[in-house]
Amino acid sequence: MTGLRHFAAALLCLAAAPVSRGDEFPVLASCSDPSEITAKVSSTDRVDVHFGLAEGDQTCYSITARVHGSQVQGYLLGKGHPAIAEFEKRLADSIPIGPPPPPAPPKPAQSAQVKEPEGPSSFAGLRGTDMNGRTLDLNRVPAPRVILYFWNPRDKRSVASVQMLEY
288 MTGLRHFAAA LLCLAAAPVS RGDEFPVLAS CSDPSEITAK VSSTDRVDVH
338 FGLAEGDQTC YSITARVHGS QVQGYLLGKG HPAIAEFEKR LADSIPIGPP
388 PPPAPPKPAQ SAQVKEPEGP SSFAGLRGTD MNGRTLDLNR VPAPRVILYF
438 WNPRDKRSVA SVQMLEY
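Converting from the sequence shown to my numbering requires adding 287 to each position, the first position being numbered 1.
What follows is the structure, encoded as structure tokens:
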């Protein structure tokens with residue numbers, strides 16, 4: 288019977304011990320020392336988040352909470368508490384979104400492209416000087432067909448090319 292009494296006493300002690308609920312969050316005295324816990328808040332406690340500091344792996348949030356009727360100030364690590372999730376959402380929603388970029392400028396109107404003539408071009412009225420310095424006027428040439436060959440008289444290769452032409 289003594290074994291049963293010991294078991295009942297142990298069971299009674301376990302029932303009286305404070306149970307750490309999964310929705311409790313430790314309130315820290317500072318962001319730098321996570322072992323210094325000043326209080327614990329649950330997910331249902333009123334928590335006011337003032338700001339967050341991004342340090343290391345988790346963000347540290349400055350908070351004021353009301354726990355069992357008394358006000359507690361401290362820090363919460365991470366984004367687990369619903370008040371911190373709401374704070375992050377409000378923060379993201381408050382970031383101003385700039386106006387959309389202006390529309391692209393209209394493309395310049397394409398000017399009517401000059402079309403190549405369908406047939407041979409007329410050089411009527413063309414005047415120039417041949418390689419011997421004589422004036423040439425196509426209006427005065429008595430030939431039915433005139434072939435024009437353009438070259439640079441200052442370039443020796445160009446002149447040599449002209450001189451090799453057979454008429």
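Built from N, CA and C at the ideal position, the CB exists for glycine as well.
Everything numeric in this text was worked out from a predicted model, so none of it was measured.
Segment contact: the region 333-351 against the region 382-402, fewer than three CB-CB distances shorter than 8 Å; contact not assigned. Under a 10 Å Cβ-count criterion, Val428 is classified as exposed, with fewer than 16 other Cβ atoms of the shown protein chains found around its own Cβ. One thing to note: Gly343 has its Cβ no nearer than 9 Å to the Cβ of Ile371. In this structure, DSSP gives Gln360 an extended state, which the three-state scheme calls strand. Going by beta carbons, Leu315 and Gly367 fall outside the 9 Å limit.
Residue pairing from DSSP leaves Glu453 without any beta-bridge partner. Under DSSP, Lys443 shares a beta bridge with no residue. The straight-line gap separating the alpha-carbon atoms of Gln345 and Leu364 is approximately 6 Å. Looking at the DSSP output, Ser349 shares a beta bridge with Phe338, Tyr362. Straight-line spacing of the CA atoms in Tyr436 and Gly420 works out to 16 Å.
Checking the DSSP bridge columns, you'll see Pro313 partnered with Lys327. Here Asp424 is bridged, per DSSP, to Arg414. Burial is judged here by how many other beta carbons sit within 10 angstroms of a residue's own beta carbon; Val433 has fewer than 16 and is exposed.
Of the residues Leu423, Val401, Lys402, Gln400, the one whose Cα lies closest to the Cα of Phe410 is Leu423. Taking C-beta atoms under 8 Å as the contact rule, Val359 and Thr325 qualify, at a distance of about 7 Å.
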